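Data first, discussion second: the structure below is written as structure tokens.
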Amino acid sequence: MTNDPLKAAWRQGTPPVHHDLQALVRAKGGHPVMSRIRRQLLLEGGSYTVFLLVYYDFFDGHTKPLYLNIILVLSVACMLVQHINGYLLAAGRMREPDILQSLQQKMRQLKQYAWLSVGSRVLGWAGILLFFCTGITWTTPKYWLLAGATVIMTIQMGLLWQLWQRRINRINETLLAFRD
């Protein structure tokens with residue numbers, strides 16, 4: 001018997017039931033980060049799909065040469081496949097026997113994915129620009145508009161590259177902390 005009511009309440013309390021964490025996460029619909037990635041994938045994938053379904057009529061795809069239509073479809077498909085690849089990379093489990101090897105493996109995968117992510121976006125947007133810029137009668141304001149769009153896309157690609165470098169550096173710092 002104790003005079004401290006807090007200790008008495010602690011001793012009378014029942015210990016919490018520990019559930020399997022993975023089962024709990026699955027029951028709640030997945031990890032919140034994975035839910036956001038999945039939502040972004042569905043939104044962008046749906047947008048790409050709608051674009052591919054309507055471009056032929058809305059953007060005069062029927063008047064463009066076949067090779068431009070193929071370039072456009074491949075460009076959009078390339079970006080969509082890269083999004084799916086990113087989701088699968090994020091959802092993939094670490095398969096190595098210990099945390100250090102798993103982080104090293106994830107680091108290699110992220111470095112490869114960063115190059116592919118930025119590269120697929122550059123190629124994708126280049127294909128889209130090629131499709132829309134072919135057949136235009138070019139004037140000075142249109143050249144300025146194209147230059148502005150190119151600058152904006154270059155800035156976006158630079159920011160995307162920096163984002164990936166920050167993520168990779170964070171994992172690298174964790175790896176260095178494990179080695180010390």
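This note's numbering puts the first residue of the sequence shown at 1, with every later residue one more than the last.
For glycine and all other residues, C-beta sits at the position ideal for the given N, C-alpha and C.
Given the structure is predicted, the values throughout are model-derived calculations rather than measurements.
State buried or exposed for residue i, treating a residue as buried only when at least 16 other CB atoms are found within 10 Å of its CB.
| i | result |
| --- | --- |
| Phe-131 | buried |
| Gly-127 | buried |
| Ile-71 | buried |
| Val-50 | exposed |
| Tyr-143 | exposed |
| Gln-162 | exposed |
| Ser-120 | buried |
| Gln-82 | buried |
With distances taken from CA atoms, which of the options is nearest residue i?
| i | options | result |
| --- | --- | --- |
| Thr-228 | Leu-103, Leu-163 and Phe-58 | Because residue 228 is not part of the residues shown, which for the chain are 1 to 180, the question remains open. |
| Met-157 | Asn-169, Thr-137, Leu-123 and Leu-145 | Leu-123 |
| Leu-53 | Ser-35, Leu-41, Val-73 and Met-34 | Val-73 |
| Leu-68 | Pro-141, Gly-135, Gly-13 and Trp-164 | Gly-135 |
Assuming residue i is part of the alpha helix (DSSP H), what are its boundary residues?
| i | result |
| --- | --- |
| Gly-13 | Note, Gly-13: premise wrong, no alpha helix (DSSP H); not H, not E. |
| Gly-61 | That residue, Gly-61, is in no alpha helix (DSSP H); it is neither H nor E in DSSP. |
Extract the residue ranges of the alpha helix (DSSP H) inside the region 84–163, only unbroken runs of 4 or more that lie entirely within it. 99–133
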